[in-house]
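Enquirer:
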């Protein structure tokens, strides 16, 4: 082999080995720069907010209500029979034109009395209003305020410097850190 060729091969091998060592060293240095450590927790403040969750409240009460009596079809039989009876009775009283007037008055009075008897004074027996008691459920929406913790403002000390962050939990007296060192370029 030629001496110049040998020197070039040796230089190439040295450059290649040096590059490999530098790459390996840089890789190792990058891994060594990331590590876990602990910081001392100085202060923890819960972060809270007021939340309104309206809810429905219901109660049941008894209520007295007036109702109309149930209307049934009115019968006409009482009016007819009363009118006939009243007319016959009126015709027995008086004489001449007075007899016709008495028969007419008796027929009208008999018809009214017969109708009342048959239809029982507007279907409830005494003509008075009818009252019922029933249960009534009444509901309404009311505010329901709750205090919820949304996170914790944590102040911690690391290498004699204070830092503050918000965490979803209370870390206690120590906070685990992921430390990453990067050279300044």
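Residue numbers (mature numbering (1 follows the signal peptide of the UniProt record, and there is no 0)): -32 to -1, 1 to 153. We treat Cβ as the ideally placed atom computed from N, Cα and C, and that holds for glycine.
List the endpoints of the continuous beta strand (DSSP E) containing residue 119.
Expert: First-last of the beta strand (DSSP E) with residue 119: 113 to 126.
Enquirer: Candidates 14, 127, 56: which alpha carbon is nearest residue 137's?
Expert: Minimum Cα distance to residue 137 is reached at 14.
Enquirer: Look at the alpha carbon of residue 153 and the alpha carbon of residue 1, and state the distance between them as a whole number of angstroms.
Expert: Approximately 15 Å, taken between the alpha carbons.
Enquirer: Would you list the residues sitting across from residue 25 in a DSSP beta bridge?
Expert: According to DSSP, residue 25 bridges with 108.
Enquirer: CB-CB under 7 Å to residue 105, same chain, minus the five flanking residues each way: which ones, in chain order?
Expert: Excluding residues within five positions, the ones whose Cβ falls inside 7 Å are 26, 28.
Enquirer: Just how far apart, CA to CA, sit residue 126 and residue 7?
Expert: When rounded, the distance between both Cα atoms is 5 Å.
Enquirer: Since residue 116 and residue 16 are thought to touch, with beta carbons under 8 Å apart, how far apart are those beta carbons, to the nearest angstrom?
Expert: Rounded, the Cβ-Cβ distance is 7 Å, consistent with contact.
Enquirer: Tell me whether residue 99 is buried or exposed, calling it buried when 16 or more other Cβ atoms sit within 10 Å of its Cβ.
Expert: When all chains shown are included, residue 99 counts as exposed.
Enquirer: Restricting to Cα atoms, I'd like to know which of 123, 68, 43 is closest to residue 85.
Expert: Among 123, 68, 43, the Cα nearest to that of residue 85 belongs to 43.
Enquirer: Have a look at residue 102 and residue 74 and give me their C-alpha separation to the nearest angstrom.
Expert: Computed Cα separation, rounded: 46 Å.
Enquirer: Helix, strand or coil: how does DSSP classify residue 157 here?
Expert: This structure gives no information on residue 157, because the portion of the chain shown stretches from -32 to 153.
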